[in-house]
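Q:
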Amino acid sequence: MEILFKCLQSGTRYYCVRLHGQELFVGTGEECERYIEIHNGKVLQQQADERRPQRGRSVSIRTYRQARSTA
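Under numbering that gives the first Met the number 0, think of the first position of the sequence shown as 0, with each following residue one higher.
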């Protein structure tokens with residue numbers, strides 16, 4: 000990821016965050032740094048979730064008992 004200067008508007012500098020040539024976010028320098036922090040945290044969390052073993056059952060199964068007939 001890279002931060003590039005985008006424009007100057009009303010005395011505020013705006014930057015864009017780009018990844019593989021695609022613009023992901025536009026904001027001030029601090030906002031761009033915060034965006035990258037959050038993005039990297041989410042990527043690390045996703046990778047950790049993928050390494051975690053799957054549960055035994057992917058779908059919950061309910062079992063019911065049939066009532067005894069009294070007749």
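Glycine residues also receive a C-beta, built at the ideal position from the N, C-alpha and C atoms.
#1: Measuring only the C-alpha atoms, how far is THR62 from ILE2?
#2: Which parts of the region 3–55 are runs of the beta strand (DSSP E), unbroken and 3 residues or longer, counting only runs that do not cross its ends?
#3: Nearest-angstrom Cα distance between ALA54 and ALA47?
#4: For CYS6, count the other beta carbons within 10 Å of its own beta carbon; 16 or more makes it buried, fewer makes it exposed. Which is it?
#5: Cα separation between TYR34 and GLY20?
A: For this structure:
#1: Looking at the two C-alpha atoms, the distance is approximately 55 Å.
#2: 11–18 and 21–26
#3: One detail in the question is off: residue 54 reads as Arg in this sequence, not Ala. Roughly 15 Å separates the two Cα atoms.
#4: exposed
#5: 17 Å
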